[in-house]
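Mapping of the sequence shown onto the numbering used here: position 282 corresponds to residue 283, and the numbering continues sequentially without gaps.
Beta carbons are placed, not taken as given, at the ideal position from N, Cα and C, and that holds for glycine.
Predicted model only: the values in this text are computed from it and were never measured.
Working notes, beginning with the structure itself.
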Amino acid sequence: MHEPVWVCGVASPPLKDESALSVMLRIASSNALTHKQTLELLLDRRVSSHEQDLLSIGLANGAGWGRRIGWQWQPAEAELMPALPGLNRVIWSRQTKWCPVCTGLGFHSVWFQLSALAACPIHGCPLITQCAACGVPTGLYKLSRALFKKPYYCPSCSRPIAQSERSVAERWAFLRQAEEVERAFAPLARWYVRATRELIFLDASCRRFQNNEVPRFKAGLLDGAIRELVPFPREYALSRGRKVQIRSYKIRLARDVPRGGPPSRYGLLTAGTVLSVYQSTTRSLLRLVMQQSSKTQFYNCLEFHNGDIASVEGWRSERLALVLMRCFFEAPYFLASPSPIGGAVLRSSIFAPAVIANCLIRANCRSVVLATFLAAYEMANDFVDRGFILRQDLHAAPDELIVLVGAVSAGALDALVAFPETTVSHVVARGSADAAALVASVKSLNAAFYESDRL
2 MHEPVWVCGV ASPPLKDESA LSVMLRIASS NALTHKQTLE LLLDRRVSSH EQDLLSIGLA
62 NGAGWGRRIG WQWQPAEAEL MPALPGLNRV IWSRQTKWCP VCTGLGFHSV WFQLSALAAC
122 PIHGCPLITQ CAACGVPTGL YKLSRALFKK PYYCPSCSRP IAQSERSVAE RWAFLRQAEE
182 VERAFAPLAR WYVRATRELI FLDASCRRFQ NNEVPRFKAG LLDGAIRELV PFPREYALSR
242 GRKVQIRSYK IRLARDVPRG GPPSRYGLLT AGTVLSVYQS TTRSLLRLVM QQSSKTQFYN
302 CLEFHNGDIA SVEGWRSERL ALVLMRCFFE APYFLASPSP IGGAVLRSSI FAPAVIANCL
362 IRANCRSVVL ATFLAAYEMA NDFVDRGFIL RQDLHAAPDE LIVLVGAVSA GALDALVAFP
422 ETTVSHVVAR GSADAAALVA SVKSLNAAFY ESDRL
């Protein structure tokens, strides 16, 4: 056991909601230490010189920090980040978010990193992610050499991130206001505790992505779903999130969950039921598009020049969305809306998102097609606004664009699907959301995934 080491700043231990970045920058700047030296001091062991991602701190490597200087400290990140690992990259921002006033006082809260939070709960000023002087992003939320080389300054132009510099006396006075600081963030802490109970099913559905890197479009849907299912406290200023609609359904299964191999093993993800559902649903969407478009408009075709770019001038969003959706599902794909559906050939395992608990049923297949179309419609709006589409925009997988989560329990399937709220959502996804049914489905899904985690 080492004797405690005296360092400047040890008399002001970390505040409850203070981030690991804040504590380490304070120790480093007060003692002229590099980020590696600061880590070794607080961890009491040698560390590699690589840059530590603060969103990846877990309970195992977050215990016992600061013993060498007389602290018993566990970074807030070590408790918060592992609670919902699958949603880590959705709930928390990878870019460091600063309050210009708090930064001048040498303070940064872990709650600033909530993706949805737009303003500091203490001072009310907008949180920033780029230097006010040069406009360059201040960096990712990690312990970087550049940031520790000159703490609280922009790594690019060396101008202060803070709105104004504060004296040492003002900084220490702020750090002694622990109760006031904790009170400002308490509603967010309570919100997160609730989220860890009520978003178990969403979290579990995202853990399969490598390093929890949820695709960008899907992350936007998940963010919107989180705001709908577990609303943030009203007293906080929030960033603008994607508007989504959520539908839930419960289906009594005619037989028990099959114990054989997955549907992909028997080629059932490209033929049979899935192909039938895809063709019938696509025909319904085709009729919808024809109602919205004139005959002349409808028979236009995407023409790529130099193989990479095509104009979408004069296209309607719903028509372009149908082309996009079919490109996502079919191989080979066609670049005109009225291309024949009868001979459609589906991409291998394209309906994998519809498989829930080894079950492949028509309702899930239809949900996948409709949700993908609505995602394509939102994308098409952006392409029409900018006037062109790139060939690479035609390549996406439904699993990257939709949120469909389900579980089977007591012979019944509970499922929830989230999709963008667009001008055609009420036509494509008919029926209104039943609040009571949604609450019941969420409760059932959370229970099912909780039990699955325990096994």
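Expected contact under 8 angstroms - CB spacing of residue i and residue j to nearest Å
i	j	result
P156	Q96	That belief does not hold up - the Cβ atoms of P156 and Q96 are roughly 13 angstroms apart, past 8 angstroms.
L239	A119	5 angstroms
A311	F389	7 angstroms
P86	A21	Contact doesn't hold; Cβ gap of about 17 angstroms is too wide.
M25	L144	6 angstroms
T271	F149	Not quite, the Cβ-Cβ distance comes to about 53 angstroms (not below 8 angstroms), so this is no contact.
V111	D18	6 angstroms
Pairwise C-alpha distance: residue j and residue i
i	j	result
P1	V429	The requested residue 1 is not part of the displayed model; the chain covers only 2 to 456.
L223	D415	18 angstroms
N307	R392	10 angstroms
W173	V182	13 angstroms
A29	E80	23 angstroms
Q131	R160	12 angstroms
V418	S442	11 angstroms
I195	G67	Note that residue 195 corresponds to Arg in the displayed sequence, not to Ile. In a straight line, the C-alpha of R195 is about 30 angstroms away from that of G67.
I70	L16	16 angstroms
R191	I227	15 angstroms
D435	K37	54 angstroms
K444	N32	51 angstroms
Q114	W316	40 angstroms
W93	L56	8 angstroms
T423	R177	49 angstroms
A255	H124	58 angstroms
T39	H427	55 angstroms
G221	V8	44 angstroms
R184	M82	21 angstroms
A84	I129	26 angstroms
A179	R146	29 angstroms
V356	F305	35 angstroms
R387	N301	18 angstroms
Same chain, Cβ closer than 7 angstroms to residue i, five either side skipped, listed in chain order
i	result
P354	V369, P399, D400, I403 and L405
V425	E319 and Y378
A438	S249
C126	C100, P101, V102 and A120
C274	The sequence given here has Thr at residue 274, not Cys. Once the five neighbours on either side are set aside, the close Cβ partners of T274 are L361, R363 and C366.
P188	P234 and E236
A397	F329
A163	P101, T104, G105 and Y153
A381	S318, L321, A322 and L325
E229	V245 and I247
Residue j beta carbon less than 8 angstroms from that of residue i
i	j	result
S323	L371	Inspection of the sequence shows that residue 323 is occupied by Leu rather than by Ser. No.
T282	R198	no
C207	L88	yes
A408	F450	yes
A117	G242	yes
A205	D383	no
V385	L303	no
F420	Q293	no
V215	R90	yes
K251	A12	no
F186	P122	yes
L1	Y334	Since the first residue of the chain shown is 2 and the last is 456, residue 1 is not available in this structure.
Cut-off 8 angstroms between Cβ atoms - residues of its own chain near residue i, not counting five sequence neighbours on either side
i	result
L141	D54, R95, Q96 and T97
E331	A345, V346, L347 and R348
T373	M326, F329, F330, P399, L402 and I403
K244	G225, P421 and E422
F210	G87 and P216
C158	C132, A134, C135 and V137
Residue i, buried or exposed, once every other Cβ within 10 Å from all chains shown has been counted against 16
i	result
R284	exposed
Y279	buried
K219	buried
E78	buried
G105	buried
R288	exposed
V440	exposed
V458	Shown here, the chain extends from 2 to 456; a query on residue 458 therefore has no answer.
P152	buried
A411	exposed
G136	exposed
G343	exposed
Cut-off 6 angstroms between Cβ atoms - residues of its own chain near residue i, not counting five sequence neighbours on either side
i	result
F27	Per the sequence shown, the amino acid found at residue 27 is Arg instead of Phe. Taken in chain order, the residues that qualify are G10 and G107.
L446	F202, A408 and D415
H109	S20, L22 and S23
R217	none
L44	none
Contact with chain C by residue i, beta-carbon distance below 8 angstroms
i	result
F335	Judged by its chain identifiers, the structure shown contains no chain C, having just a single protein chain.
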